[in-house]
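For the sequence shown, our numbering assigns the number 9 to the initial residue and increments by one for each residue that follows. Remarks on the structure that follows.
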Amino acid sequence: MKLEIKYTEKFINKSELEQYKEKAAEANKSLELKSGKGNNFLGWVNLPSETSDNLLNNIYSTVENLNNDIDFMIIIGIGGSYLGAKAVIEALSDNFSAYKNDKKTKILFAGNNLSEDYLYEIRNLIKNKSYAVTVISKSGTTTEPAVAFRILKADLEKKYGKKEAKRRIIAITDKEKGALKKLADNENYKTYVIPDNVGGRFSVLTPVGLLPVAFAGFDIKKIIKGAADAENITKIKGNDAEIYAAVRNILYNKGYTNEILVNYNPKLNFFAEWWKQLYGESEGKDGKGIFPASAGFTTDLHSLGQYIQDGKRNLFETIISVEKSKHKIILEKDEQNLDNLNYLAGKQIEEINKSAEQGTLKAHIDGGVPNIRISIPEINEYNIGKLIYFFERACGISGYILGVNPFDQPGVEEYKRNMFRILGKPGL
Numbered sequence: 009m010k011l012e013i014k015y016t017e018k019f020i021n022k023s024e025l026e027q028y029k030e031k032a033a034e035a036n037k038s039l040e041l042k043s044g045k046g047n048n049f050l051g052w053v054n055l056p057s058e059t060s061d062n063l064l065n066n067i068y069s070t071v072e073n074l075n076n077d078i079d080f081m082i083i084i085g086i087g088g089s090y091l092g093a094k095a096v097i098e099a100l101s102d103n104f105s106a107y108k109n110d111k112k113t114k115i116l117f118a119g120n121n122l123s124e125d126y127l128y129e130i131r132n133l134i135k136n137k138s139y140a141v142t143v144i145s146k147s148g149t150t151t152e153p154a155v156a157f158r159i160l161k162a163d164l165e166k167k168y169g170k171k172e173a174k175r176r177i178i179a180i181t182d183k184e185k186g187a188l189k190k191l192a193d194n195e196n197y198k199t200y201v202i203p204d205n206v207g208g209r210f211s212v213l214t215p216v217g218l219l220p221v222a223f224a225g226f227d228i229k230k231i232i233k234g235a236a237d238a239e240n241i242t243k244i245k246g247n248d249a250e251i252y253a254a255v256r257n258i259l260y261n262k263g264y265t266n267e268i269l270v271n272y273n274p275k276l277n278f279f280a281e282w283w284k285q286l287y288g289e290s291e292g293k294d295g296k297g298i299f300p301a302s303a304g305f306t307t308d309l310h311s312l313g314q315y316i317q318d319g320k321r322n323l324f325e326t327i328i329s330v331e332k333s334k335h336k337i338i339l340e341k342d343e344q345n346l347d348n349l350n351y352l353a354g355k356q357i358e359e360i361n362k363s364a365e366q367g368t369l370k371a372h373i374d375g376g377v378p379n380i381r382i383s384i385p386e387i388n389e390y391n392i393g394k395l396i397y398f399f400e401r402a403c404g405i406s407g408y409i410l411g412v413n414p415f416d417q418p419g420v421e422e423y424k425r426n427m428f429r430i431l432g433k434p435g436l
């Protein structure tokens with residue numbers, strides 16, 4: 009993985025960068041020593057290196073016990089309880105895996121919205137199929153997953169009977185307390201623990217993310233290895249996570265208050281959704297914070313491109329660039345050449361894509377948009393694990409530089425209180 013900040017040089021001077029590098033190093037030291045704000049939620053910092061083979065093998069065993077019996081695994085969760093898993097699965101999957109009639113277990117996600125149509129359509133899809141459910145919630149009372157689980161649990165019990173339904177339900181929840189933990193104990197569900205010291209948006213490298221990814225057929229040991237290597241690298245002063253955090257904060261203080269995470273591979277579109285929660289919930293508080301947005305190029309160049317090129321100069325871009333594509337397609341010469349594309353004949357599609365990336369990068373910089381570029385050799389389990397940890401570490405550093413607690417989310421509760429009052433929840 010490589011970080012390039014040379015595309016910010018016309019927007020940042022060297023003395024600023026050196027000053028903020030020192031701030032980033034201090035912030036990173038606070039993470040490592042667990043001495044900063046929110047230090048009771050820093051379990052993720054050493055999580056990759058502390059993840060045991062016993063846990064990973066136990067997850068594989070659970071997958072093996074169920075996978076041959078099911079067509080679908082439904083993951084019930086919201087926010088960090090599903091975004092990370094879905095981000096990793098979509099990054100590693102064939103773009104059209106949902107349409108393939110192979111023997112792989114298909115992963116569905118529920119409990120991440122309150123759309124009646126969405127839940128109805130999932131139930132309609134699986135009613136004549138074999139399926140199981142993984143419910144992910146620390147408390148067990150978060151409205152969206154609790155509603156979905158109540159309905160899908162009843163469906164399972166009606167379809168298979170209570171005994172078999174219990175075998176087909178996995179709970180990922182608190183170690184000791186909460187409604188879901190109590191239910192899981194009473195019903196003897198297979199259970200995994202969400203560590204007390206790991207917040208939801210940092211939980212993708214716990215069973216919250218690892219179990220769904222394993223059910224999807226991917227190598228979670230390689231993911232943890234990539235993350236563990238990133239953990240070791242980011243302990244060193246002056247590492248890329250510190251530099252990324254430093255540059256973001258310099259730009260923020262110059263009025264660049266919106267960051268667009270850009271990719272040129274649709275497999276990474278949902279990775280950006282995970283990234284948006286990670287940075288939005290961590291930094292957006294106390295009237296501060298960079299607003300996280302995302303774009304999939306070249307697609308969004310035909311929608312957002314005009315604004316990025318010529319609109320208000322309050323944004324910067326961070327590009328995730330994948331150096332090597334998985335497949336190879338060569339554009340062939342056409343005798344008629346009605347589309348005037350023969351000048352591209354003999355070129356690989358990825359070469360055309362890379363040219364679009366380079367051309368866009370230059371255009372946006374010339375248009376006054378600072379750019380940061382992060383490249384990975386290819387999309388695989390190891391590199392995704394490394395990228396996840398890099399962004400987590402940089403997020404903690406960046407939040408500390410900003411002067412906020414990156415590990416709480418008090419604003420999330422406001423909409424819930426209003427909704428509960430409207431619904432007439434007792435006690436409000």
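Each residue gets a CB set at the ideal place from its N, CA and C atoms; glycine is no exception.
How many Å lie between residue i and residue j at the Cα?
i           : j           : result
residue 106 : residue 174 : 27 Å
residue 192 : residue 147 : 12 Å
residue 151 : residue 79  : 27 Å
residue 409 : residue 297 : 11 Å
residue 57  : residue 350 : 51 Å
residue 15  : residue 264 : 15 Å
residue 179 : residue 134 : 20 Å
residue 234 : residue 355 : 32 Å
residue 285 : residue 167 : 36 Å
residue 87  : residue 215 : 15 Å
residue 225 : residue 12  : 33 Å
residue 101 : residue 34  : 38 Å
residue 314 : residue 372 : 10 Å
residue 395 : residue 436 : 42 Å
residue 374 : residue 332 : 27 Å
residue 320 : residue 95  : 30 Å
residue 379 : residue 172 : 53 Å
residue 291 : residue 223 : 32 Å
residue 366 : residue 397 : 27 Å
residue 212 : residue 63  : 14 Å
residue 8   : residue 279 : In the structure displayed, the chain extends from 9 to 436; residue 8 sits before or after that span and is not available.
residue 144 : residue 24  : 43 Å
Taking the beta strand (DSSP E) that residue i belongs to, which residues open and close that run?
i           : result
residue 412 : Note, residue 412: premise wrong, no beta strand (DSSP E); not H, not E.
residue 140 : 139-144
residue 177 : 177-181
Mind checking residue i: buried by the 16 CB within 10 Å criterion, or exposed?
i           : result
residue 30  : exposed
residue 248 : buried
residue 401 : buried
residue 274 : exposed
residue 149 : exposed
residue 74  : buried
residue 158 : exposed
residue 156 : buried
residue 414 : buried
residue 268 : buried
residue 417 : buried
List the endpoints of the continuous alpha helix (DSSP H) containing residue i.
i           : result
residue 75  : 61-75
residue 118 : First-last for residue 118: 114-118, but that is the beta strand (DSSP E), not the alpha helix (DSSP H).
residue 80  : Where residue 80 is concerned, there is no enclosing alpha helix (DSSP H), although the beta strand (DSSP E) it sits in stretches over 80-84.
residue 95  : 91-100
residue 186 : Careful: residue 186 lies outside any alpha helix (DSSP H) and carries neither H nor E.
residue 34  : 22-41
residue 424 : 420-431
residue 223 : 215-223
residue 127 : 124-134
By the three-class DSSP mapping on this structure, what secondary structure does residue i have?
i           : result
residue 300 : strand
residue 381 : strand
residue 201 : strand
residue 285 : helix
residue 150 : coil
residue 13  : coil
residue 338 : strand
residue 356 : strand
residue 330 : strand
residue 56  : helix
residue 257 : helix
residue 49  : helix
residue 347 : coil
Can you find a C-beta in chain D that's less than 9 Å from the C-beta of residue i?
i          : result
residue 27 : Annotation note: the requested chain D is absent from the structure, which comprises a single protein chain.
Pull the bridge partners of residue i from the DSSP assignment, please.
i           : result
residue 192 : Paired residue(s): none; residue 192 is not in a bridge.
residue 8   : Here the chain has residues from 9 to 436 only, and residue 8 is not among them.
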